[in-house]
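First up is the structure itself, then whatever we jot down about it.
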Amino acid sequence: MSVGREGGEEGNADGTNRGRVCHLILMTHGIESPFGSHTDMKYVIDSLLGSDKFGRKDIHCKIVDSRVNLGQTTDGIDRGGVRLANQIEKIVRNELGPAFSKVYFSFIGHSLGGLYGRYCVGEMRRRGLFDSALTPISFLTIATPHFGSMRCLEISVCDGVNQVISEICRCIWNGRTMRQLFIEDDQYDPLLLRMTDPSSTFMLALDDFCHVTAIGAVRYDALVPFCSALMVKQNLFAMLPNFHMSNSICLFENFSDEYHHALRGRNVPFDQTNLHHVCGYHTSSSLSSKIPLCPSRTEPARYNSPPYMFHTEDFFECRMKLDSRMVDNLNALNWRRVGFAFQAHTSHDLLIQKQTIPYLSAYKEGAISVEAITSVVFLDHYFHSKEMQSLGPLARL
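The opening residue of the sequence shown carries number 770 in my numbering; numbering runs sequentially from there.
What follows is the structure in C-alpha cells.
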C-alpha cells in the first residue's frame, strides 16, 4: 500500500505507475476551536492507515489531511470550498493525473468541513474535474449542519439546552461563516439554500458520486442539530420514551446488506432495541426527473425577516419552512444515514474520536464511529472499483 498525507509521498510523474489506479481520499476539519483543528481527523486517518483495507500493490491510496482552511474558518463556506477545490486540482493536475491511469475520489468532512466539501465538489464540477480527471466514489459528512445551525425543527429539552450552547458558540465564532450558518448572509437568496437547488452545480456534483452518506449523533450534539446533520424534518429519537444511549448505531438507512454484515464483522455495535429507519426518504438518486423545489429567482422570499435579533413567531415559522424546503431538496439524492448514540454532550467530537477536553478518556468511545466511517469508505471503493473486485473476495476486510 502506498499512502501519503498532505505534503507527504508524491506520485511518480515519470509514468511508472501508469498501469495502476489511485484512490484520493480528502479529509477536512470543521470550524476551529480553542483546542485547534489541525489534528481533528487524526484517528480517522490512523484507522485507514492501520487497517490495511487498501493494502494491495495495484492500489495506491493517497490520503490528504487538508489544512488549507486553518486560521480561515470564519471567512465563509464559499471561500473555504474554493480553497479546497484549488488544492485538489493542484494535486490531480500536477501529481496524480500524470502518474496514474485512473484516479478515484472520496471526500470526508467533519462539521463545517462537510459544507466546505459540498461547495468544493460543486466548484470541481464547474471546472470539469469530474469529466476526465477524477471518478467520484464516496462523499461522506460527519455532524455537518446541512441546513444551518439553528434548531427550528428540534423539540426536546435536551436540544433546548444545546440551543443555548449553540448561541454561545455563535458569539465566539462570529463572522461571515456564522452568518451563513444562521441564514443571515442574504435575505433573499442565502448560500445554504442556493447549495440545495437541484439545478445547481453543488447538487449535480453530489449526484455524480456513487454514494453520499450523512453521519450524526442522534442526541447530545451541542453544536449541530440532529435534523440538520441527517437531513430530516423530525428527530424521532428525541420522542422515544426511555431512549437508551448505548454507544452504538441506532440508525442505519439505505445501506445494502453487505455493509451491515461487514460492519458487524468489524465489531461495530448495533443497538437492536432502538435501531430504526426513521427518515422515510427512499428516492431515486437521479436529479433529471426532479421538479425544482427552490423558489423562483423572479419571486424572491424574504426568509430571514424580521432580523435575527427579533425572534418572533413569524420568524420561526419562516425558518421552519426554509429548513423543510432544504430538506426536500437535499433528499432528491438518495442519502445514506448513520446515527450514533453516545452518552456525552461531546458527541459532536466523539464521532471522529476527537479529544475535545485534554486528558478526558471518554473520547475513546468514538472508536466505533471511526471504524464505521473507514469501513464504509473502503466498501464504497470496493463495490465500485473493478480493480479492487478483481483482487479477491470481501473477506479481507
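Beta carbons are placed, not taken as given, at the ideal position from N, Cα and C, and that holds for glycine. Please read all numbers here as calculations on a predicted model, not as lab measurements.
Worksheet entry | phenylalanine 908 versus Gly1135, Leu793, Ile1137, residue with shortest Cα-Cα distance | Leu793
Worksheet item: Which one or two residues does DSSP pair with arginine 984 in a beta bridge?
Response: Sequence check: residue 984 is isoleucine here, not arginine. Partner(s): Ile911, Val1107.
Practice prompt. Would you decide whether leucine 1092 is buried or exposed? Buried here means 16 or more other CB atoms lie within 10 Å of its CB.
Written response: For the record, residue 1092 in the displayed sequence is aspartate; it is not leucine. So aspartate 1092 ends up on the buried side.
Worksheet item: Cα separation between serine 969 and cysteine 889?
Response: 13 Å
Worksheet entry | alanine 904 and glycine 878 closer than 7 Å at C-beta | Reading off the sequence shown, one finds threonine at residue 904, where the question assumed alanine. For threonine 904 and glycine 878, no; Cβs fall outside 7 Å.
Item to complete: Compute the beta-carbon to beta-carbon distance between threonine 946 and threonine 843, rounded to the nearest angstrom, for a pair I have assumed lies under 8 Å.
Response: 5 Å
Worksheet entry | Contact belief for alanine 983 with leucine 999 at Cβ below 8 Å, rounded distance in angstroms | 5 Å
Worksheet entry | According to DSSP, residues forming a beta bridge with threonine 797 | Ser835, Gly878
Discussion item. Measuring only the C-alpha atoms, how far is proline 959 from leucine 884?
Written reply: 14 Å
Worksheet entry | Limits of the beta strand (DSSP E) - the one that isoleucine 1018 falls within | 1017-1022
Fill in: Residues bridged to aspartate 990 (per DSSP)
Thr1115
Worksheet item: So, leucine 1102 versus leucine 975, is the Cβ gap smaller than 7 Å?
Response: yes
Discussion item. With three or more beta-carbon pairs closer than 8 Å as the criterion, would you say the region 829-844 touches the region 1106-1113?
Written reply: no
Worksheet item: If you run the structure through DSSP and keep just helix, strand and coil, what is isoleucine 906?
Response: strand
Worksheet entry | Inter-residue spacing [alpha-carbon to alpha-carbon] between isoleucine 800 and valine 981 | 22 Å
Worksheet entry | Residue nearest to aspartate 1097 in terms of C-alpha spacing, selected from Gly866, Thr808, Phe916, Val1145 | Phe916
Discussion item. If we define contact as Cβ-Cβ less than 7 Å, is arginine 894 a contact residue for chain B?
Written reply: Absent here is chain B; the protein component of the structure consists of one chain.
Worksheet item: Is histidine 1026 buried or exposed, if buried means 16 or more other CB atoms sit within 10 Å of its CB?
Response: Position check: residue 1026 holds aspartate in this sequence, whereas histidine was assumed. The residue in question, aspartate 1026, is exposed, as its Cβ has fewer than 16 Cβ neighbours within 10 Å.
Worksheet item: Quick one: what's got a C-beta closer than 7 Å to aspartate 847's C-beta in the same chain, skipping five residues either side?
Response: Tyr888, Leu960
Worksheet item: Counting along the chain, where does the alpha helix (DSSP H) carrying glycine 850 start and finish?
Response: 846-860
Discussion item. According to DSSP, simplified to helix, strand and coil, what is phenylalanine 951?
Written reply: coil
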